[in-house]
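The sequence shown runs contiguously to residue 656 in this note's numbering. Idealized CB from N, CA, C, for every residue including glycine. One structure is given below, encoded as structure tokens.
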Amino acid sequence: MSLTWSEWTDDPCAGPCIPPYIDWLKTVTFEDTDEKDGLSIAPLPLSPMAAEIAGVESRPAPLPPFARKPDDENILATPAIELDWTPSEDCAIVAVIDSAIALSHARFRHLDGGTRFLAAWLMNGKWRPSAVPFGRELFQKEIKRLMFGAKIGGNVDESAFDRAAGLTQFGDMRGDRRLENNGTHGTLVADLAAGFDVRQSSDDEHRRRLPLIAVGLPPRSSMGSSGSFLEFFAMHALEYIVDRADAVWTAVEGDKAGGYPIVINLSYGLQAGPKDGEMLIEKLMRALLARAEQMNRQIRIILPAGNDLLSEGAALFDLTDGDVNGVEWRIKPEDHTPNYAEVWSDVIKGDGGSAPEHPLSLMLAPPSGPVSPATPGRAGQMTTLKDAQGRPVARIYCRAHDNRAKPGDTPDWHRVGYVLCTAPTLPDEPRLQRAPAGAWRLGVSAAEATKGYAYVQSDQSLTFGSNTGLVSTFAHPDFEPFDATGRYIDIADYPYDGSKPKNTDVTPPMRRHDTMNTIAHLKEARVIGSYRKTDGKPSLYSSASSEAVGNGRAAPSALLPGEDGAARFGLMGAGSKSGSATAMAGTSFSTGLATRAVALAMLDWLDDKTKPVPGDEPWFAAQAAKTAGQFPGQTVKKKAGAGRLFAPDTGRVER
């Protein structure tokens, strides 16, 4: 295969602020068109606050045509709130942003059989005139009507409800059918966050006082194999939740000042990115929380630390003058999805001007192939690896990033990042060029002493349950995944005699530190990892932080259970239909438990506002202090934050 790198050239997508992931996806998957295989990647509006922060109004995002607003129809200026049950002032709203949430599940019902969901936005739903820019919005009254309309013999036919509500879509190739599986991520997370057994009278007040708002994220085909569009959809979801909670307050309380406390669970994340607290979604979360604080509103956002400690996808290059360091980037054969990695500079003071040069020279080469240009790129440039027919095989984008809150502000610092992209190694279209599988060589050097941060990006199959999306990894001869006994190595050991743990992540440049969820580095959100319930040992997969960079955080907030025991996989929770249960493992589900703990504590605070408001970092530290001495081993801050919290009661029988 004859391959050639271009010189650094201007990137036409840098001006309109189109992220490299989107441009590369259009190049290798959509073949530079806007529609393919039942998906359209035409621009959609950014959420209002995100548009203000980013300085652009729209961004390409994939959705099927049926979920998009037709050109001849309009978005309603205000939501048409429809409730036949209204929350009182002593309620707190639990909001869940996730995939395939079973709205009619018994764990989310009132005693009369009606739903606790005040509103739900199905982002992949068939669009109809409403106050959302795409998808379908449902309010409590319609959800209840559809539930009662699906009753057979006194019981809700939940599959029939899912079809009527648009949660399950069999009539389109890009329809969402995840709720036809025995369990879904979103239903289990929502259950752990705010599900209650209607048979338990002790939970009657909790059901009444913890109404729900749901945002159903679209399927993977719209989220992207690398999570490229998570940020776009999650920003819409965050603004939607706050807006609808306030709209419900106004519908119930009129002009009365105030609002419901809101606890938001967003159990999603990414592996690669700047990890400095200044991604667009992090700026949005910070702005939402700052506005709430100014209004004396209580909003908490709970995020997972991530499950990537063992991913072999993080490296730190500690460079001296002229030093060359690097790793292998191992891209797997028969991968149907593009692969991505990022290499970031350290923090650089000042704004850097309009096109700052990357302080690192990057050398990327496919197996037995040519090396990318040796000169550093400038922000707004790109270089492309092409075959003899001129088809793109790989590309490196160079982009700048800073800590300005909005356009026009002067940042205190900036960073420059390379985004490395390859085509699939087994594309779905035979006519498209495939990237060589194997060990790509990734090297960096610098003219003066500095640091470089490298990360492999998330990767998943676009079809639920498929294994056609394969995650790439870094490799280095000094890195050892296993110890002498064949066990995976964590960032620290866990002596059962209670002695101080020893650092075991000691083989640079690759590391297990700095694997924490990319969108969870802002200090204003709470970040939750996992531990094993039986002995308190931090879960192997639970990601760890590193030294704070920029405005990023130095550690997670705390740990909650993510697995019941070494022989009891994951946590039990609601399956996709009432009466069923499933078990899943991961920090997503620990985050659900943390959301539940904060929501229940928020009810206590509403009863006695002389108490501190729950859910901030000091609150998590105080809760963790209650478990001191309850487990045989100690934890380390980079993985456990303030420590371990006991799980709140979910009403389920202990395993």
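{"Item": "Whose C-alpha, out of Glu525, Lys501, Ile153 and Ala521, is nearest the C-alpha of His547?", "Value": "Contrary to the premise, residue 547 reads as Ser rather than His in this sequence. Of Glu525, Lys501, Ile153 and Ala521, the residue nearest in Cα terms is Ala521."}
{"Item": "Which residues in the same chain have their Cβ closer than 6 Å to the Cβ of Gly576, if we skip the five residues on either side of it in sequence?", "Value": "Asn183, Gly184, Ala582 and Thr583"}
{"Item": "Report the CB separation of Met364 from Val372 in whole angstroms; it is logged as a contact under 8 Å.", "Value": "5 Å"}
{"Item": "Between Asp72, Asp388, Ser89 and Leu361, which has its C-alpha nearest Ala375's C-alpha?", "Value": "Leu361"}
{"Item": "Output yes or no for whether 8 Å exceeds the beta carbon distance between Ser105 and Phe162.", "Value": "yes"}
{"Item": "Can you tell me the Cα-Cα spacing of Lys350 and Glu358, whole angstroms?", "Value": "13 Å"}
{"Item": "Between Trp345 and Gly551, is the Cβ-Cβ spacing less than 8 Å?", "Value": "no"}
{"Item": "Assuming Val420 contacts Arg400 (C-beta within less than 8 Å), just tell me the rounded distance between them.", "Value": "7 Å"}
{"Item": "Tell me whether the beta-carbon of Glu283 lies closer than 8 Å to the beta-carbon of Phe475.", "Value": "no"}
{"Item": "In chain order, what residues of the same chain have a beta carbon less than 7 Å from the beta carbon of Ile82, not counting five sequence neighbours either side?", "Value": "Phe140, Ala248, Val249 and Ala252"}
{"Item": "What residue from Ala648, Arg488, Arg298 and Ser226 has the CA that sits closest to Tyr341's CA?", "Value": "Ser226"}
{"Item": "DSSP three-state call for Leu594: helix, strand or coil?", "Value": "helix"}
{"Item": "Give me the residue from Pro46, Leu64 and Tyr22 with the minimum Cα distance to Leu40.", "Value": "Leu64"}
{"Item": "Specify the secondary structure class of Ala55 as computed by DSSP and reduced to three states.", "Value": "helix"}
{"Item": "Out of Ala238, Pro412 and Thr87, state which residue places its alpha-carbon closest to the alpha-carbon of Thr116.", "Value": "Thr87"}
{"Item": "I need the DSSP call for Ile23, collapsed to helix, strand or coil.", "Value": "helix"}
{"Item": "Straight-line CA distance for Ser1 to Thr423?", "Value": "Outside the shown range of the chain (2 to 656) lies residue 1, about which nothing can therefore be said."}
{"Item": "DSSP three-state label for Thr188, please.", "Value": "helix"}
{"Item": "Does DSSP put Glu564 in a helix, a strand or coil?", "Value": "strand"}
{"Item": "If I follow the unbroken alpha helix (DSSP H) through Asp163, where does it start and stop?", "Value": "Glu159 to Ala166"}
{"Item": "Pick from Pro557, Phe647 and Gly487: whose alpha carbon is nearest that of Glu564?", "Value": "Phe647"}
{"Item": "Could you check the C-alpha separation between Thr628 and Arg137 for me, to the nearest Å?", "Value": "44 Å"}
{"Item": "I need the DSSP call for Ile242, collapsed to helix, strand or coil.", "Value": "helix"}
{"Item": "Helix, strand or coil for Arg400? Go by DSSP, reduced to three states.", "Value": "strand"}
{"Item": "So who's on the other strand from Leu317, going by DSSP bridges?", "Value": "Tyr454"}
{"Item": "For the stretch 524–536 against the stretch 302–315, are there 3 or more C-beta pairs whose distance is under 8 Å?", "Value": "yes"}
{"Item": "Return the bridge partner residues of Thr516 from the DSSP annotation.", "Value": "BP columns for Thr516 are empty, so no partner."}
{"Item": "Note down, in chain order, each residue of its chain lying with its Cβ closer than 6 Å to the Cβ of Ala602, except the 5 sequence neighbours on either side.", "Value": "Pro615"}
{"Item": "Go ahead and pull the three-state DSSP assignment for Asp347.", "Value": "coil"}
{"Item": "Measuring only the C-alpha atoms, how far is Pro275 from Asn156?", "Value": "50 Å"}
{"Item": "Straight-line CA distance for Ala549 to Asp347?", "Value": "11 Å"}
{"Item": "State yes or no: is the C-beta of Ser589 within less than 8 Å of the C-beta of Val190?", "Value": "yes"}
{"Item": "Is it a yes or a no for the stretch 283–298 touching the stretch 319–328, going by three-plus beta-carbon pairs under 8 Å?", "Value": "no"}
{"Item": "Using a Cβ-Cβ cutoff of less than 6 Å, which residues in the same chain neighbour Asp403 once the five nearest sequence positions on both sides are dropped?", "Value": "Pro412 and His415"}
{"Item": "Quick one, which of Thr486, Ala93, Leu310 and Gly487 has its alpha-carbon nearest Asp608's?", "Value": "Ala93"}
{"Item": "Considering only the beta carbon of each residue, do Ser540 and Leu561 sit closer than 8 Å?", "Value": "no"}
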